[in-house]
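Single-structure report; data block below.
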Amino acid sequence: MDQAPTRPEPRTFEDLVAEGAAVPTDGWDFSWFEGRATEARPSWGYARSMAGRLAGASAALDIHTGGGEVLDFALAAAPKAPVLTAATEVWPPNVAKATALLRPRGVAVVATSDGAPLPFADATFDLVVSRHPLRADWPEILRVLRPGGTYFAQHVGPASVFELVEYFLGPQPDASLSDRHPDRERAEAEAAGLEIVDLRAERLRVEFYDIAAVVHFLRKVVWMVPGFTVEAYEPRLRSLHEQIESEGPFVAHSTRHLFEARRPGE
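Quick note: the sequence shown uses my numbering, first residue -1, plus one each step.
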């Protein structure tokens, strides 16, 4: 009779934390999390929907493109590409990564700074897209859109993955729970002069299967726990590791909303 296979030894807290701390954080490629964490996807399928919008545009802008991964996917899936496509990004490592990925598709990637005006002339684009922008600068979006042009984006909603945030930071003030609320963003967009065509929101289940995934996530999505380091949060990390080992994955919920707005005019 063949000998039963030996089960691998469980990995130590130290090994898992070291692995999560060593993974590069540039770009918005989340493939490293496969088998370590899961997040349900919104029903509207943003990247594929973006591909359809790109096919009907003559000039398109992707704001806060990250490493360019979503735009690259959408352009590859689109039946045809706009004559002009540009993208902006604020983080230098992402600018370099997006440039390398998108240049073969003829996309101009422009480095910008958060809060600065968009470096484009008025009414340049008939389509502006963005997946998870740091914030939506509604007056600037209106300015660079042509009359009749569309803003089509997926935003992070209020209190996203707050179960994890509050595990490390404790209960958050009520004001933070309304930040990024779709109703507030609708009012801001309308105040800037945009017409809201569609606005849908969903709450989605997130599961972290090991502490390496938690460490990498908090290093990558830096605004979740500002100033996060393994050293500063080692006791909470160790406690969470023990909880996952004994009880199973840590469960949180992300919030997303689909935004479609239009600049009035023909």
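Just so you know, even glycine gets a beta-carbon here, dropped at the ideal spot from N, CA and C.
Assumed close pair residue i, residue j - CB separation to whole angstroms, cut-off 8 Å
i: Met48; j: Phe150; result: 7 Å
i: Glu200; j: Pro40; result: 5 Å
i: Leu162; j: Ala250; result: 5 Å
Whole-angstrom distance between residue j and residue i, CA atom to CA atom
i: Ala58; j: Val107; result: 12 Å
i: Ala74; j: Ser252; result: 27 Å
i: Ala79; j: Gly104; result: 10 Å
i: Glu186; j: Phe257; result: 12 Å
i: Asp13; j: Ser176; result: 37 Å
i: Val88; j: Asp112; result: 6 Å
i: Val15; j: Phe31; result: 14 Å
i: Tyr44; j: Pro77; result: 16 Å
i: Val204; j: Thr148; result: 31 Å
i: Ser128; j: Gln152; result: 7 Å
i: Pro3; j: Asp27; result: The predicted model places Pro3 with a pLDDT of 38, which falls under 50 and marks its position as unreliable, so this point remains unresolved.
i: Gly246; j: Pro22; result: 26 Å
i: Gly50; j: His239; result: 42 Å
i: Ala190; j: Ala119; result: 18 Å
i: Leu216; j: Gly225; result: 10 Å
Among the options, nearest to residue i - alpha-carbon criterion
i: Arg34; options: Leu202, Gly191, Val81, Ile242; result: Ile242
i: Thr36; options: Leu216, Lys218, Tyr207; result: Tyr207
i: Ser29; options: Ser237, His255, Ala211; result: Ala211
i: Arg261; options: Val93, Thr10, Trp136, Leu82; result: Trp136
i: Leu276; options: Gly25, His130, Arg141; result: Outside the displayed span of the chain (-1 to 264) sits residue 276, for which this structure offers no information.
i: His130; options: Val154, Glu245, Ser174; result: Val154
i: Gly64; options: Arg51, Thr10, Asn92; result: Asn92
i: Val159; options: Asp24, Glu138, Val220; result: Val220
i: Leu143; options: Val81, Glu183, Phe123; result: Phe123
Beta-bridge partners of residue i, as assigned by DSSP
i: Ile194; result: Ala259
i: Ala58; result: Thr83, Leu125
i: Glu188; result: Per DSSP, none; premise fails for Glu188.
i: Leu143; result: Phe123
i: Glu67; result: Its beta-bridge partners do not exist; DSSP assigns none.
i: Ser111; result: In the DSSP output, where bridge partners are listed per residue, Ser111 has none listed.
i: Leu235; result: For Leu235, which the question treats as bridged, DSSP gives no partner whatsoever.
i: Thr148; result: Leu125, Arg260
i: Val265; result: Missing from the structure shown is residue 265; the chain here goes from -1 to 264 and no further.
i: Ala199; result: His255
Proximity test, Cβ basis, 8 Å: residue i and chain C
i: Asp135; result: Absence of chain C from the displayed structure is noted, only one protein chain being present.
- Message: With three or more beta-carbon pairs closer than 8 Å as the criterion, would you say the region 230 to 246 touches the region 63 to 73?
- Response: no
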